[in-house]
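*Asks:* Dropping a structure here in structure tokens format, bear with me for questions.
The following block contains the structure:
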């Protein structure tokens with residue numbers, strides 16, 4: 661999955677919600693650490709699944 665595309669969509673949706681009055685910036689001052697933790701966890705688990713997919717595609721290692 662293209663992470664940069666997903667990030668741009670999320671940022672755009674947050675800005676749109678703010679412009680439409682659905683969302684205020686006050687939540688950001690409280691929840692910004694959680695946003696960083698979720699983004700970091702997502703990055704770690706996305707890399708793990710990509711590594712396991714590459715390992716499966718490569719097949720088992722042969723030893724002489």
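In this note's numbering, the protein residues as written are 661 to 724. Here a beta-carbon is modelled for each residue, glycine too, at the ideal position from N, C-alpha and C. Computed from a prediction, not measured in an experiment: that's the story for all the values here.
1) What's the gap between the Cα of residue 700 and the Cα of residue 662?
2) Considering only their Cβ atoms, is the gap separating residue 674 from residue 683 smaller than 8 Å?
3) Along the chain, where does the alpha helix (DSSP H) containing residue 673 start, and where does it finish?
4) From residue 691 to residue 670, what distance separates their C-alpha atoms?
5) Between the alpha carbons of residue 678 and residue 694, how many angstroms are there, rounded?
*Replies:* With the structure as the only source:
1) 16 Å
2) yes
3) 663 to 679
4) 16 Å
5) 19 Å
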